[in-house]
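Have a look at the structure below, then the notes.
Protein chains: 2
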Amino acid sequence: MEGVDHLAHERDKAQFDVNDMKIVWAGSREAFEVSDRMARLVANDPAFRKDNRVHLTRKELFKNTLRKAAYAWKRIIELKLTEEEAGRLRFFVDEPAYTDLHWGMFVPFLKGQGTEEQLRKWLPLAYKMQIIGCYAQTELGHGSNVQGLETTATFDPKTDEFVIHSPTLTSSKWWPGGLGKASTHAVVFARLITNGRDYGVHGFIVQIRSLDDHSVLPGITIGDIGMKFGNGAYNTMDNGVMHFDHVRIPRDQLLMRFSQVTKEGKYVQSDVPRQLVYGTMVYVRKTIVIDASNALSRAVCIATRYSAVRRQFGSQDGVETQVINYKTQQSRLFPLLASAYAFRFVGEWLQWLYTDVTKRLATNDFSTLPEAHACTAGLKSITTAATADGIEECRKLCGGHGYLCSSGLPELFAVYVPACTYEGDNVVLLLQVARFLVKTVSQLVSWKKPVGTTAYMGRLQHLMESTCKVQKSEDWLNPSIVLEVFEARSARMSVECAKRLSKFTNQEEGFQELSPSLVEAAVAHCQLIIVSKFIEKLQGDIPGQGVKEQLQKLCSIYALYTLHKHLGDFLSTSTITPKQGSLADDQLRSLYSQVRPNAIALVDAFNYTDHYLGSILGRYDGNVYPNLYNEAWKDPMNESSVPDGYHEYIKPMLKQQLRNSRL
Amino acid sequence: MEGVDHLAHERDKAQFDVNDMKIVWAGSREAFEVSDRMARLVANDPAFRKDNRVHLTRKELFKNTLRKAAYAWKRIIELKLTEEEAGRLRFFVDEPAYTDLHWGMFVPFLKGQGTEEQLRKWLPLAYKMQIIGCYAQTELGHGSNVQGLETTATFDPKTDEFVIHSPTLTSSKWWPGGLGKASTHAVVFARLITNGRDYGVHGFIVQIRSLDDHSVLPGITIGDIGMKFGNGAYNTMDNGVMHFDHVRIPRDQLLMRFSQVTKEGKYVQSDVPRQLVYGTMVYVRKTIVIDASNALSRAVCIATRYSAVRRQFGSQDGVETQVINYKTQQSRLFPLLASAYAFRFVGEWLQWLYTDVTKRLATNDFSTLPEAHACTAGLKSITTAATADGIEECRKLCGGHGYLCSSGLPELFAVYVPACTYEGDNVVLLLQVARFLVKTVSQLVSWKKPVGTTAYMGRLQHLMESTCKVQKSEDWLNPSIVLEVFEARSARMSVECAKRLSKFTNQEEGFQELSPSLVEAAVAHCQLIIVSKFIEKLQGDIPGQGVKEQLQKLCSIYALYTLHKHLGDFLSTSTITPKQGSLADDQLRSLYSQVRPNAIALVDAFNYTDHYLGSILGRYDGNVYPNLYNEAWKDPMNESSVPDGYHEYIKPMLKQQLRNSRL
Ligand SMILES: Cc1cc2nc3c(=O)[nH]c(=O)nc-3n(C[C@H](O)[C@H](O)[C@H](O)COP(=O)(O)OP(=O)(O)OC[C@H]3O[C@@H](n4cnc5c(N)ncnc54)[C@H](O)[C@@H]3O)c2cc1C
Ligand SMILES: Cc1cc2nc3c(=O)[nH]c(=O)nc-3n(C[C@H](O)[C@H](O)[C@H](O)COP(=O)(O)OP(=O)(O)OC[C@H]3O[C@@H](n4cnc5c(N)ncnc54)[C@H](O)[C@@H]3O)c2cc1C
């Protein structure tokens with residue numbers, strides 16, 4: 001960040017204290033400090049350089065990731081980093097690696113499903129990375145439908161072992177990250193069969209590679225599944241394929257917290273409530289929502305800074321207009337900026353929800369689980385979908401230059417999009433939310449009071465009849481009006497679905513038939529949650545000069561932009577009138593103008609280093625053009641001026657001698 | 001296509017003659033035959049293999065493209081292919097190359113802007129590829145705003161030459177395809193300066209490389225601008241950067257059809273009407289719209305076939321449900337199928353428009369030009385935007401496997417998206433359409449009758465007052481009802497914008513302020529064009545058993561899906577009632593069910609070879625799993641089971657010896 005700051009005039013305009021906003025974004029002063037320290041540690045260490053990624057072959061790329069992962073672990077040990085610090089360090093290294101699955105799936109899953117004894121055996125190994133674990137659930141033929149998995153684990157009482165087997169080609173494990181090359185162990189999901197009976201899918205700890213020489217163990221076939229979207233992107237990960245030919249593991253490698261098989265082959269359920277598994281799920285999805293805010297804010301930071309650098313048309317006093325001044329540019333960019341903040345705060349709330357669920361589970365209180373489960377599923381779905389689309393929109397907002405890898409945006413998109421698919425396909429998840437909503441509505445007549453994020457359904461009568469009180473555009477700044485409008489829209493859509501469903505004699509058939517509308521009702525419900533958590537956040541104490549004011553504007557932008565985008569919902573449920581919709585648009589335009597002078601500072605508040613951003617267009621100092629220019633020359637294509645292949649393929653053509661040449 | 005056809009049962013279900021549909025899709029029997037012949041020629045020639053693209057380094061990839069381009073040219077000569085055949089052959093080679101710019105931009109531009117004499121000199125060279133040309137307009141600092149280009153061409157009467165110069169870093173040419181490595185010549189856009197006066201941007205023919213040894217000529221600096229989105233994708237193209245240091249070219253290399261500079265340095269406009277340049281623009285954009293239907297249909301073909309292969313959940317009789325049977329899957333996929341056909345037919349109509357415009361220009365009739373210009377700009381914008389989004393949606397429709405390069409979808413997306421930016425940034429184009437619409441509305445009071453695609457504005461009175469006559473869901477199948485609804489929505493949105501604009505004292509300020517709404521009005525207008533051209537097509541004779549019926553369904557799907565997606569527009573302009581909107585949804589669901597049995601045949605009608613599709617998921621025979629499995633093993637990562645880097649980066653970690661290792 002040395003040299004001239006080409007965006008200084010933008011930073012001077014800000015009407016709030018950017019340092020205070022940084023703390024709000026990070027969640028707390030402590031979180032900010034840890035994050036800031038780790039970001040700089042990574043950025044200043046040439047071992048973590050990443051700008052050469054797009055030029056490496058797959059094998060070089062992968063080897064380089066192995067190096068970084070080992071080096072990061074070495075630094076974590078040397079610097080005696082806490083778990084939080086280590087997590088942030090890995091985050092800023094910004095390169096998908098087998099360690100993500102080891103720490104993010106293998107360890108939490110062990111913790112969730114292992115018995116005390118199993119944890120005593122496996123956790124220390126995993127914590128010290130004496131073993132490397134991955135999460136092997138998906139198969140070539142089955143992903144979403146976990147119950148349809150084909151791999152079998154048949155108990156053999158003669159040897160006290162399970163026999164893990166892949167009976168078909170489609171039963172090959174397919175996709176697990178870290179499986180292809182790095183992992184020594186896997187949690188393998190397989191149908192537990194004992195005494196000829198199939199007890200459904202269970203998790204098993206299976207050693208897959210030798211701890212001596214890393215060779216694949218007998219009976220197991222493992223490979224990498226090949227290139228994925230983008231260049232570097234997720235190709236640093238060894239997503240793998242695995243086939244078992246009657247592989248034997250000791251009986252005690254079934255994860256036994258919830259059920260066990262005795263020496264004799266008897267299947268026994270433990271008295272630990274199975275609902276506990278939901279805890280892990282809430283944890284994983286909370287992480288995904290926070291990741292969405294990270295990825296979106298990163299893209300928005302790049303597009304915002306570049307939009308202030310880029311000038312096009314409309315010359316005043318000799319210089320052209322910064323494209324960020326165009327209302328169309330603002331109307332595409334600022335809602336994404338607002339969404340990044342909105343997702344941040346809903347992620348923060350999910351953190352709270354996770355703690356709350358964990359506490360309740362400890363006291364066998366399962367009452368909030370279905371609601372927590374539905375709401376995390378829905379939030380995962382809509383935040384990842386909006387983020388994927390938002391990154392691509394940010395790329396387009398950068399015009400032609402956004403298409404260069406040096407903009408950082410193509411790779412960010414390619415590495416991000418699978419979040420829409422893994423941990424639950426987004427549409428499949430929304431269908432789950434829809435089922436929950438329909439059930440909630442149907443139970444309203446009974447004694448069951450809707451809880452948590454569905455509490456508003458308890459005021460159904462009111463919401464069905466209420467009319468929106470907006471008379472002038474400023475009324476749209478009133479949080480309680482906005483909230484009620486979102487509640488009414490969501491409630492009415494759910495009720496409408498329930499009504500139409502009730503006309504079907506076969507409920508399941510009706511659900512299938514109406515599923516597109518049901519998905520829309522689920523989206524409406526989840527958008528309400530995001531709006532309401534943003535509003536809640538603003539009701540609390542938020543220190544810092546001008547900080548709360550800016551967040552209020554962003555909250556309004558998120559809400560009114562969502563309203564505009566889904567105007568059909570609001571009008572068709574008669575929640576608002578066309579006139580009120582048009583007033584919302586007026587207010588939105590006015591908000592864009594108010595945010596404009598603060599835009600650069602609002603993305604500075606993410607506190608991203610240039611290393612982490614990995615984008616010439618998004619450079620902190622705005623010094624885009626000379627750096628774009630210099631970067632181009634580094635491409636291997638520029639090693640020679642006359643290209644490889646000129647003599648064989650260009651010269652004979654120009655000289656009209658193609659006919660005789662061998663191609 | 002040998003072996004078992006796993007989709008035969010799907011093909012048997014079709015209720016129309018797929019061979020007849022192939023002809024409709026191709027445009028005519030002749031077009032079909034040429035296309036089919038060329039597709040097979042390419043598919044059966046191993047020289048055009050492309051499945052190894054993702055594993056090549058940039059330099060290898062580029063060299064391989066040079067080889068293919070030369071080989072294709074050789075075949076074109078050997079087989080004495082017609083221009084049409086050659087074009088189709090290059091299309092099926094399916095790899096962006098410098099030849100695209102040579103044939104697609106350099107040659108048409110010469111033709112459009114050169115004098116007879118210039119054409120006599122340059123065209124034969126270009127036609128025989130004795131020179132390779134590119135189109136060098138965009139600069140590092142300027143793209144959309146062509147008038148802002150900085151490169152200068154200053155006339156020096158002493159030597160009768162123009163001096164081409166890049167006065168700043170930002171004036172470097174940046175982006176031109178084919179410039180980086182292949183081209184020997186370029187049409188360079190520069191500010192024509194003579195006698196100290198700046199006459200604005202003009203095109204010049206500049207030789208940039210030696211025809212002897214391909215070295216860059218003195219005073220010129222040329223390089224490749226580096227990696228772009230994706231893996232293979234557009235990285236086969238040598239988009240370039242070029243800087244001039246006072247490079248001299250003969251005076252007669254100014255393209256002089258419209259204006260000349262005399263020996264003495266006098267700037268003289270010719271009497272050729274400048275409007276002729278629009279002809280080229282209509283031509284290029286027509287091509288882009290047809291390309292949109294190609295790219296979208298390709299993605300839809302892959303996703304549709306795979307959706308019929310993929311099974312997940314809902315086991316009946318032991319086998320699970322094909323995911324194509326889920327209504328959510330249909331509601332995401334079938335509108336894209338319908339859009340592919342819709343874009344096809346609007347492209348066909350643009351072909352007609354181009355002929356019409358050309359004829360009129362020949363007789364100095366410029367009356368339809370502004371309208372033709374606006375409508376091609378708008379159609380380019382909305383078809384490319386919908387196609388880019390649609391490809392990514394198709395990828396998501398394939399679940400996890402869509403993320404593999406072997407699905408073909410990631411590369412298709414990466415290679416396609418710049419179409420949203422080049423030949424006019426999509427938002428900038430829509431703003432042009434909006435300006436035209438506002439002008440049309442403001443002239444309605446005068447004697448000027450709106451023509452062509454704006455003719456409906458002539459019935460403004462009626463459209464402002466008309467009410468939608470839909471009473472039951474089948475009414476939505478009536479083309480005249482649908483058409484009027486789209487006309488009314490568009491007219492009302494334009495009028496509303498014009499009304500709000502009129503309240504501003506400064507019209508330009510008003511336009512800027514209201515630009516987001518203006519863009520929406522432009523979109524509405526363009527969607528109307530697409531709907532109306534689809535309906536027009538269906539009014540003509542369409543032979544083939546069941547063919548017209550299927551197209552009618554697709555037309556209704558396109559219209560009703562668009563209506564659903566933009567429901568807010570239709571409701572806020574009171575064009576339809578919420579009840580009517582809901583009836584449209586009912587009809588849409590029913591149409592999905594009707595299309596379902598025909599889905600596979602409808603994508604077969606595109607007549608794509610497996611080579612062209614380049615997708616394991618989209619294979620004609622549906623034999624997905626064994627091929628996915630086998631493909632994975634070909635990845636270089638699988639050359640060894642223990643990965644490169646194990647000894648340095650994995651072993652020391654597992655053995656707890658990291659501390660001592662040098663990383
Ligand atoms: C980058 C990446 C990393 C991954 N990492 C891992 C890992 O570490 N471990 C692991 O085990 N797995 C992993 N996976 C696999 C991932 O979990 C699955 O891809 C995911 O669960 C989606 O399942 P699927 O691929 O079977 O999609 P499918 O379910 O086949 O989806 C195909 C289409 O069918 C639709 N569909 C499916 N069911 C229904 C329904 N009931 N109703 C309506 N529509 C339906 C979907 O919406 C989608 O449009 C990874 C995947 C990716 C892409
Ligand atoms: C793959 C590829 C190939 C190309 N090939 C060639 C080639 O062969 N020859 C050549 O000369 N060029 C080529 N180009 C360049 C291309 O034509 C330009 O990138 C394109 O014209 C867009 O201009 P820009 O990049 O300056 O975008 P910008 O105009 O800088 O766009 C940035 C943002 O500003 C917005 N914006 C700009 N002006 C306005 C306005 N007035 N009102 C509201 N918003 C505005 C845009 O909507 C966009 O969001 C290529 C580009 C690509 C990506």
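Protein sequences, first through last, are from chains A and B.
The numbering of the first sequence is UniProt numbering, which starts it at 1 and goes up by one.
The numbering of the second sequence is UniProt numbering, which starts it at 1 and goes up by one.
We put the CB at the ideal spot given by N, CA and C, even for glycine.
If you draw a straight line from the alpha carbon of residue 248 of chain A to that of residue 161 of chain A, how long is it in whole angstroms? Taking the first sequence and counting its residues from 1, one reaches residue 248 of chain A at position 248. Taking the first sequence and counting its residues from 1, one reaches residue 161 of chain A at position 161. The straight-line gap from Cα to Cα measures roughly 6 Å.
For a contact meaning CB atoms closer than 8 Å, what does residue 57 of chain A contact in chain B? Translated into the one-based positions of the first sequence, residue 57 of chain A becomes position 57. Chain B residues near residue 57 of chain A: 55, 57 and 636.
Grab me the residues of residue 323 of chain B's own chain with a C-beta within less than 6 Å of its C-beta, minus the 5 sequence neighbours each way, in chain order. Translated into positions along the second sequence, residue 323 of chain B becomes position 323. Correct list, in chain order: 307, 310, 312 and 329.
Range of the contiguous beta strand (DSSP E) that encloses residue 185 of chain B: Taking the first residue of the second sequence as position 1, residue 185 of chain B is located at position 185. Unbroken beta strand (DSSP E) run through residue 185 of chain B: 185-194.
Mind pulling the chain B residues with CB within less than 9 Å of residue 67 of chain A? Within the first sequence, residue 67 of chain A is the residue found at index 67, counting from 1. Per Cβ cutoff of 9 Å: 645, 648, 649 and 663.
Got a sec: is the Cβ-Cβ distance from residue 491 of chain B to anything in chain A below 9 Å? Along the second sequence, one-based indexing puts residue 491 of chain B at 491. Interface with chain A (9 Å Cβ-Cβ cutoff): residue 491 of chain B is excluded.
Residue 61 of chain A: CB within 8 Å of a non-hydrogen atom of ligand 2: Counted from its first residue, the first sequence places residue 61 of chain A at position 61. Shortest gap from the CB of residue 61 of chain A to any heavy atom of ligand 2: 8 Å or more.
How many angstroms separate the CA atom of residue 534 of chain A from the CA atom of residue 73 of chain A? In the first sequence, counting from the first residue as 1, residue 534 of chain A sits at position 534. In the first sequence, counting from the first residue as 1, residue 73 of chain A sits at position 73. C-alpha of residue 534 of chain A to C-alpha of residue 73 of chain A: approximately 37 Å in a straight line.
Output, in chain order, the set of chain B residues within a Cβ distance shorter than 8 Å of residue 574 of chain A. In the first sequence, residue 574 of chain A corresponds to position 574, counting from 1. Residues of chain B passing the Cβ test: 578.
Would you mind giving the Cβ-Cβ distance between residue 89 of chain A and residue 21 of chain A, rounded to the nearest angstrom? I have them listed as a contact below 8 Å. Here residue 89 of chain A refers to the residue found at position 89 of the first sequence. Here residue 21 of chain A refers to the residue found at position 21 of the first sequence. Rounded, the Cβ-Cβ distance is 24 Å, inconsistent with contact.
Are there 16 or more other CB atoms within 10 angstroms of the CB of residue 148 of chain A, so buried, or fewer, so exposed? Translated into positions along the first sequence, residue 148 of chain A becomes position 148. Result: buried.
Check distances from the C-beta atoms of the region 511-541 of chain A to those of chain B and list, in chain order, the residues that come in under 9 Å. 512, 513, 514, 515, 516, 517, 518 and 519
Please confirm whether residue 526 of chain A and residue 54 of chain A have their CB atoms less than 9 Å apart. Sequence index remark: in the first sequence, residue 526 of chain A carries index 526 (1-based). Sequence index remark: in the first sequence, residue 54 of chain A carries index 54 (1-based). Result no, Cβ atoms of residue 526 of chain A and residue 54 of chain A do not sit closer than 9 Å.
Does chain A have any CB closer than 9 Å to the CB of residue 629 of chain B? Locating residue 629 of chain B in the second sequence gives position 629, where the first residue counts as 1. At least one chain A Cβ lies under 9 Å of residue 629 of chain B.
Validate contact between the region 287-306 of chain B and the region 253-265 of chain B using beta carbons, cut 8 Å, 3 pairs: no
For residue 662 of chain A, name the three-state secondary structure that DSSP assigns. Here residue 662 of chain A refers to the residue found at position 662 of the first sequence. Of the three classes helix, strand and coil, the one that applies to residue 662 of chain A here is coil, per DSSP.
Can you list, in chain order, the residues of the region 607-627 of chain A whose Cβ is nearer than 8 Å to any Cβ on chain B? 625 and 626
Assigned secondary structure, residue 173 of chain B (DSSP; H/G/I helix, E/B strand, else coil): Taking the second sequence and counting its residues from 1, the one referred to as residue 173 of chain B is at position 173. DSSP, read as helix, strand or coil, puts residue 173 of chain B in strand.
Any residues in the region 579-603 of chain B with a beta carbon nearer than 8 Å to a beta carbon of chain A? Which ones, in chain order? Residues 581, 582, 585 and 589.
8 Å contact criterion, which residue 183 of chain B and residue 283 of chain B should meet: CB distance rounded: Position 183 of the second sequence, counted from the first residue, corresponds to residue 183 of chain B. Position 283 of the second sequence, counted from the first residue, corresponds to residue 283 of chain B. About 21 Å; that fails the 8 Å criterion.
Where does residue 585 of chain A fall in DSSP's three states? By one-based count along the first sequence, residue 585 of chain A stands at place 585. Of the three classes helix, strand and coil, the one that applies to residue 585 of chain A here is helix, per DSSP.
Below 8 Å CB to CB, which residues in the same chain sit around residue 3 of chain A once its five sequence neighbours on both sides are set aside? Here residue 3 of chain A refers to the residue found at position 3 when the first sequence is read from its first residue. Take residue 3 of chain A, set aside five residues on each side of it, and the residues of its chain with a beta-carbon closer than 8 Å to its own are 621 and 623, in chain order.
In this structure, what does DSSP give as the bridge partners for residue 136 of chain B? Translated into positions along the second sequence, residue 136 of chain B becomes position 136. Answer by DSSP bridge pairing, in chain order: B/188.
Under the criterion of a Cβ to heavy atom distance below 8 Å, does residue 633 of chain A qualify as lining ligand 2? On the first sequence, position 633 is the one that residue 633 of chain A refers to. Distances between the C-beta of residue 633 of chain A and the heavy atoms of ligand 2 are all 8 Å or more.
Which of the three DSSP states is assigned to residue 16 of chain A in this structure? Stepping through the first sequence from its first residue, residue 16 of chain A is reached at position 16. Residue 16 of chain A: coil per DSSP, three-state reduction.
Which same chain residues, not among the five before or five after residue 592 of chain A, have their C-beta less than 7 Å away from its C-beta? Within the first sequence, the letter at position 592 stands for residue 592 of chain A. Counting only Cβ-Cβ distances below 7 Å, and skipping sequence neighbours, we find 327, 330, 331 and 334.
Neighbour flag for residue 320 of chain A against chain B, beta carbons, 9 Å: As a position in the first sequence, residue 320 of chain A is number 320, starting the count at 1. Yes - at least one Cβ of chain B is within 9 Å of the one on residue 320 of chain A.
One or two residues paired with residue 243 of chain A in a DSSP bridge: For the purposes of this step, residue 243 of chain A is taken as residue 243 along the first sequence, with counting starting at 1. Beta-bridge pairing links residue 243 of chain A to A/221.
Name the residues in the region 380-400 of chain B whose C-beta lies less than 7 Å from a C-beta of chain A; which are they? 396, 399 and 400
So the candidates are B/541, B/339, B/315 and B/562; which of them puts its Cα closest to the Cα of residue 291 of chain B? To locate residue 291 of chain B, count along the second sequence from 1; it is residue 291. Nearest C-alpha to residue 291 of chain B among B/541, B/339, B/315 and B/562: B/339.
Contact set between residue 312 of chain B and chain A, taken where Cβ atoms lie within less than 8 Å: Here the question's residue 312 of chain B lines up with position 312 in the second sequence. In chain order: 142, 143, 144, 145 and 148.
What's the C-alpha gap between residue 646 of chain A and residue 244 of chain B? Indexing the first sequence from 1 puts residue 646 of chain A at position 646. Indexing the second sequence from 1 puts residue 244 of chain B at position 244. So the alpha carbons of these two residues sit roughly 23 Å apart.
Can you give me the Cβ contacts of residue 1 of chain A inside the same chain, cut-off strictly under 8 Å, excluding the 5 residues immediately before and after it? As a first step, residue 1 of chain A must be located in the first sequence, where it is residue number 1. Per-residue confidence for residue 1 of chain A stands at a pLDDT of 43, beneath the threshold of 50, marking its modelled position as unreliable; no derived number is given.
Between residue 664 of chain B and residue 193 of chain B, what straight-line distance do the alpha-carbon atoms span, to the nearest angstrom? One cannot answer for residue 664 of chain B here, as it falls past the ends of chain B, which runs 1 to 663.
In chain order, what residues of the same chain lie with their CB nearer than 7 Å to the CB of residue 493 of chain B, ignoring the 5 residues before and after it? As a first step, residue 493 of chain B must be located in the second sequence, where it is residue number 493. Around residue 493 of chain B: 520, 521, 524, 569 and 573.
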